[in-house]
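First up is the structure itself, then whatever we jot down about it.
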Amino acid sequence: MSCPEEVTFDILAAPINPSDINTVEGKYPVRPPLPAVPGNEGVGVVRGVGKQVQGLKEGDWVVPLVPGLGMWRQRGTFQATALHRVPSDLPLGAAATMCINPPTALRMLRDFVDLAAGDVVIQNGANSSVGQLVIQMAKARGIHTINLVRDKPERAVLEDKLRIMGATVVTTEQKLREAVGSANLPAPKLALNCVGGSASAAVAKMLGFGGTLVTYGGMSMQPITLPTSLFIFKDIQARGFWLTGGPRNQDLSTKKAILDEVVAMIQAGQIHTDTETMPLSKFQDALVASRQRSSGSKILLVPT
Numbered sequence: 001m002s003c004p005e006e007v008t009f010d011i012l013a014a015p016i017n018p019s020d021i022n023t024v025e026g027k028y029p030v031r032p033p034l035p036a037v038p039g040n041e042g043v044g045v046v047r048g049v050g051k052q053v054q055g056l057k058e059g060d061w062v063v064p065l066v067p068g069l070g071m072w073r074q075r076g077t078f079q080a081t082a083l084h085r086v087p088s089d090l091p092l093g094a095a096a097t098m099c100i101n102p103p104t105a106l107r108m109l110r111d112f113v114d115l116a117a118g119d120v121v122i123q124n125g126a127n128s129s130v131g132q133l134v135i136q137m138a139k140a141r142g143i144h145t146i147n148l149v150r151d152k153p154e155r156a157v158l159e160d161k162l163r164i165m166g167a168t169v170v171t172t173e174q175k176l177r178e179a180v181g182s183a184n185l186p187a188p189k190l191a192l193n194c195v196g197g198s199a200s201a202a203v204a205k206m207l208g209f210g211g212t213l214v215t216y217g218g219m220s221m222q223p224i225t226l227p228t229s230l231f232i233f234k235d236i237q238a239r240g241f242w243l244t245g246g247p248r249n250q251d252l253s254t255k256k257a258i259l260d261e262v263v264a265m266i267q268a269g270q271i272h273t274d275t276e277t278m279p280l281s282k283f284q285d286a287l288v289a290s291r292q293r294s295s296g297s298k299i300l301l302v303p304t
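If you read the sequence shown in full-length UniProt numbering, its first letter stands for residue 1, the second for the next number, and so on.
So this is what it looks like as structure tokens:
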């Protein structure tokens, strides 16, 4: 190793995330200096360590602690402090996808509202990767979830899938009030929005007094428009969440602790993400396939 504080590792798998595509398109707030390699998360196996590196050895599995390392590659060499060791017996798909969506779901369920067993969370985009993780993590804590999905031909199959995961209610925006009324649940304390447009107002209107709407995405590309009455008469809060940005998201020790929690959830069988592998050499086909997906599954780029 040329640098005593660096680690060289071979990439085992790296997913394609919307933020990766947005970065390539120049639409993401974090823009790495060019030339750059895309890919904000993935898992690799250590092949060499510098003389001053502690806590890592050849054969260990590692995931990135910081964004922008560029995981769509075959091999990389980075500062050891930018990496975190994970158990090598984790399922490959789980290890490769554990750095972004699971921490996002975990922190949104924790950072904004004090939730206890029996409480209710409502979300749109429930079939997204984060949405499915919210369902699974909430189930593990005894928290009910009301989940909005799009009204499309395969909706019945999707509803069954989400209910098996632990969803309490699965419905569409059009049938939301009817479904919530028949469920006999307390008013939600937390609403999660990754869609924007009318879907954001739909979940916000279901909040109880003092509830919180957290926006972490905008898949519809439409602005959030909320009735003034929600703020006056229900005293709701509207917040945003971005895992990558902000000073509260930069502490490495906190990131390590969260990743260790995610590992424990994976090992306990509490969370799972569907994945499919495609060769890194066919990344263009993989990008097209990832854009066409609506099932919440992830495509993993695997070096060959």
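Think of the CB as a built atom: it goes at the ideal place given N, C-alpha and C, for glycine as much as any other residue.
The distance from the Cβ of A82 to that of E41 is about 12 Å, inconsistent with a contact at the 8 Å cut-off. Segment contact: the stretch 136-143 against the stretch 265-282, three or more CB-CB distances shorter than 8 Å; contact assigned. As the crow flies, the alpha-carbon of A183 is around 24 Å from that of F233. For secondary structure counted as the beta strand (DSSP E) over 3 or more consecutive residues, the stretch 142-191 holds these complete runs in sequence order: 144-148 and 169-171. Linking V43 to A96 through their CA atoms gives a straight-line distance of about 5 Å. Taking 4 residues as the minimum length, the alpha helix (DSSP H) runs contained wholly in the stretch 199-266 are 228-233, in order along the chain.
Per the coordinates, the alpha-carbon of Q284 lies some 29 Å from the alpha-carbon of V149. Note on geometry: alpha-carbon atoms of V30 and T104 lie some 17 Å from one another. When C-alpha distances from D60 are compared across L69, V45 and G50, the shortest belongs to V45. The stretch 182-201 and the stretch 152-163 do not touch, with fewer than 3 CB-CB distances between them shorter than 8 Å. Rounded to the nearest whole angstrom, the CA to CA distance from G197 to M206 is 16 Å.
Taking the C-beta atoms as reference points, T172 is found no nearer than 8 Å to T145.
Straight across, the Cα-Cα distance linking K189 with V121 is about 6 Å.
When the Cα atoms are used, L34 and V7 turn out to be separated by approximately 22 Å. Under the 10 Å beta carbon count, P64 is surrounded by 16 or more other beta carbons and is classified as buried. The Cβ atoms of L243 and I11 do not sit closer than 8 Å to each other. The C-beta of N124 has 16 or more other C-beta atoms within 10 Å across all chains shown, which makes the residue buried.
DSSP, read as helix, strand or coil, puts I135 in helix.
Per DSSP, D285 is one residue of the alpha helix (DSSP H) stretching across F283 to R291. The beta carbon of S200 sits closer than 6 Å to the beta carbons of N193 and I224 from its chain, once the five residues preceding and following it are set aside; these are given in chain order. A buried status is given to L280, since no fewer than 16 other beta-carbon atoms sit within 10 Å of its beta-carbon. Shown here, E276 sits in a strand according to DSSP, grouped into three states. DSSP, reduced to helix, strand and coil, places A13 within a strand of the structure shown.
If you keep only unbroken beta strand (DSSP E) runs of at least 3 residues inside the stretch 53-122, you get 61-64, 75-79 and 83-86. Put simply, of L69, T215, E25 and L106 the residue whose alpha carbon is nearest the alpha carbon of I258 is L106. The straight-line gap separating the alpha-carbon atoms of S220 and V195 is approximately 5 Å. By alpha-carbon distance to E276, the top candidate from P32, P102, L92 and N147 is L92. Between the C-alpha atoms of K175 and M108 there is a straight-line separation of about 25 Å. Rounded to the nearest angstrom, the Cβ distance from V262 to P87 is 11 Å, too far for a contact under 8 Å.
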